[in-house]
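Q:
In UniProt numbering, the protein residues as written are 1 to 466.
(1) Where do the N-terminal and C-terminal ends of the alpha helix (DSSP H) with residue 26 fall, by residue?
(2) I'd like the list of long-range same chain contacts for residue 47, defined as Cβ closer than 7 angstroms, with 5 residues on each side in sequence excluded.
(3) Exposed or buried, what is residue 164 when buried is set at 16 or more other beta-carbons lying within 10 Å of its beta-carbon?
(4) Once the 5 residues before and after residue 255 are set aside, which same chain residues still bring their CB inside 8 angstroms of it?
(5) Among 421, 213, 391, which one has its Cα closest to the Cα of residue 69?
(6) Spell out a yes or no on whether the region 180-190 and the region 69-86 are touching, meaning 3 or more CB-CB pairs, one atom from each, closer than 8 angstroms.
(7) Any contact of the region 435-451 with the region 263-276, i.e. 3+ C-beta pairs under 8 angstroms?
(8) Can the beta-carbon of residue 311 be found closer than 8 angstroms to that of residue 349?
(9) Would you mind reading off the limits of the alpha helix (DSSP H) that contains residue 467?
(10) Apart from the five residues on each side of it in sequence, which residues of its chain come closer than 8 angstroms, Cβ to Cβ, to residue 433?
(11) Residue 339: which of 446, 129, 397, 228 sits nearest, CA to CA?
(12) Applying the criterion that 16 or more other CB atoms from any shown protein chain within 10 Å of the CB defines a buried residue, is residue 133 buried or exposed?
(13) Short of 6 angstroms in beta carbon distance, which residues of its chain neighbour residue 464, apart from the five on each side in sequence? Order them along the chain.
(14) Leaving out the 5 sequence neighbours to the left and right, which residues in its chain are closer than 7 angstroms to residue 361 when beta-carbon positions are compared?
(15) Is the beta carbon of residue 238 closer than 8 angstroms to that of residue 351?
(16) With a threshold of 16 other CB atoms inside 10 Å of the CB of residue 77, please say whether the residue is buried or exposed.
(17) Measuring straight from C-alpha to C-alpha, what distance separates residue 59 and residue 109?
(18) Could you check which residue in 329, 221, 91 has the C-alpha nearest to that of residue 372?
(19) Name the two residues that bound the continuous alpha helix (DSSP H) containing residue 386.
(20) Which residues in the same chain have their Cβ closer than 6 angstroms to the Cβ of residue 211, if we skip the five residues on either side of it in sequence?
(21) Does chain C have any CB closer than 8 angstroms to the CB of residue 392?
(22) Could you tell me the distance, in whole angstroms, from the CA atom of residue 203 to the CA atom of residue 33?
(23) Just the C-alpha distance for residue 61 and residue 107, rounded to the nearest angstrom, thanks.
(24) Identify which residue in 14, 50, 74, 437 has its Cα closest to the Cα of residue 249.
(25) Is DSSP giving residue 245 helix, strand or coil here?
(26) Assuming residue 284 contacts residue 431 (C-beta within less than 8 angstroms), just tell me the rounded distance between them.
(27) Quick one: Cα of residue 22 to Cα of residue 189, how far?
(28) For the alpha helix (DSSP H) containing residue 536, list its first residue and its last residue.
(29) Mind checking which residues open and close the alpha helix (DSSP H) that includes residue 395?
(30) Is it right to say residue 38 is buried, meaning 16 or more other beta carbons lie within 10 angstroms of its own, or is it exposed?
(31) Could you check whether the region 272-292 touches the region 85-105, counting it as contact only if at least three pairs of C-beta atoms, one from each stretch, sit closer than 8 angstroms?
(32) Rounding to the nearest angstrom, what Cα-Cα distance links residue 287 and residue 220 in this structure?
(33) Suppose you measure from the CA of residue 369 to the CA of residue 337; what does that come to, to the nearest Å?
(34) Between residue 409 and residue 148, what straight-line distance do the alpha-carbon atoms span, to the nearest angstrom?
(35) Could you tell me the distance, in whole angstroms, from the CA atom of residue 128 to the CA atom of residue 31?
(36) Return yes when the Cβ of residue 378 is within less than 8 angstroms of the Cβ of residue 120, no when it is not.
This is the structure in structure tokens:
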């Protein structure tokens, strides 16, 4: 049975290190920047655009991830990966010298585009260049990068913020990007011969970007009816992008990505619901722990990272599961998520803080167990000719779930009374409403997992269904 050290054997070490560095770049940046933002606005102003710094990075990331397939087809894995690193480097340097908030917003979008390209191409390369036995080990290693970033990023960002060196938080990535780009240029495959360059799907990428931008804008609008209307518009735009993509010569997603009658569509539904759940559960966790449990901001902030701890623990401990054990993880993960969401809802404000922490770790374990095996399962069952696009589009779908999950949680909390006036009762009521909605999503996710396992045996005999 393969172990984690096998990822570094038989000439795989440069590739494994390159992919790990790529994920680490993106993950560390997310947590670093979130921590230094108060210092940023104190220096260059623009507090009204505070949330947009992260939102535009997310928009750029989704558009970049969606663009990875066409760019890889046109330029090959090596050149497309180096291009992604170059964009991330350019965005990082521009952020570090940004003289105003408006410039920072533009450069964060570029940086996000590069980060999205890196993550999506990393997933495609895991599918293409690692055996089925090693894929889960590599996916577990990638999960470890995210967990490390969640723990190290806020601490490192805090050091930069306290020293007033927020620009260094963007510059710290530069040496890592240089090593990453050099490794990519030397060790990644050049590409498949004979691939003709096709026109870039500007219209579909534009629709997708406009949809994600609408989701981001919805969170900043005043008035629930207007926010719901903009979210509906976002769904229409994203849905149109998926519908048009089915007929495209150069596709962004697998052909049946939006069909619940095909395993790939059900799998993507699971990716979306999982992202919605872990976002909605954690987005108000620091506020809950401060207002209801009276914890200090630092301690309250780390409660949200407990989910990442459970996620990584599941990835590392279940990475070698195969066959029947894999299928148990795909249904058991959602069941555990459903149970822990119910515990958090039923015990809201009543559970002791350590018990809340345990529930978050267990919920994260369910998310991690589902995630690693669902990704590997989806890669393994991809249709011939769609292996790379299936793997590469997974980050896009997951980030879409995060965007919609965050926006919907905000709308639900506002409807439940969360406003400028914040006290323990208001927070408890608002978070309770969000968790009740999350429980419904968790139930739907469990049904999707059951359906996927029902459909999956047929997919082995009917090539092309996924």
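All C-beta atoms, glycine included, are put in the ideal place defined by N, C-alpha and C.
A: Concretely, from the data shown:
(1) 13-44
(2) 41
(3) exposed
(4) 246, 383, 386
(5) 391
(6) yes
(7) The region 435-451 vs the region 263-276: in contact.
(8) In this structure, residue 349 does not lie closer than 8 angstroms to residue 311 by Cβ.
(9) There is simply no residue 467 to check, as the chain begins at 1 and stops at 466 in what is shown.
(10) 412, 413, 415, 416
(11) 446
(12) In the assembly as shown, residue 133 is an exposed residue. Its beta-carbon has fewer than 16 other beta-carbons within 10 Å.
(13) Note on residue 464: pLDDT 34, under 50, position unreliable in the model; the coordinate value appears next. 383.
(14) 306, 309, 310
(15) no
(16) Label assigned to residue 77: buried.
(17) 7 angstroms
(18) 329
(19) That residue, residue 386, is in no alpha helix (DSSP H); it is neither H nor E in DSSP.
(20) If we look at residue 211 and ignore the five residues flanking it on each side, its Cβ neighbours are 234, 237, 238.
(21) Note that chain C does not occur in the displayed structure, where there is just one protein chain.
(22) 31 angstroms
(23) 12 angstroms
(24) 74
(25) Here residue 245 sits in helix by DSSP.
(26) That pair is a contact at about 5 angstroms.
(27) 16 angstroms
(28) Lying before the first or after the last residue shown, residue 536 is absent from the chain, which here runs from 1 to 466.
(29) 394-415
(30) A residue is called buried when at least 16 other Cβ atoms come within 10 angstroms of its Cβ; residue 38 does not meet this threshold and is exposed.
(31) The region 85-105 and the region 272-292 do not touch, with fewer than three beta-carbon pairs separated by less than 8 angstroms.
(32) 18 angstroms
(33) 10 angstroms
(34) Approximately 26 angstroms between the Cα atoms of the pair.
(35) 29 angstroms
(36) no
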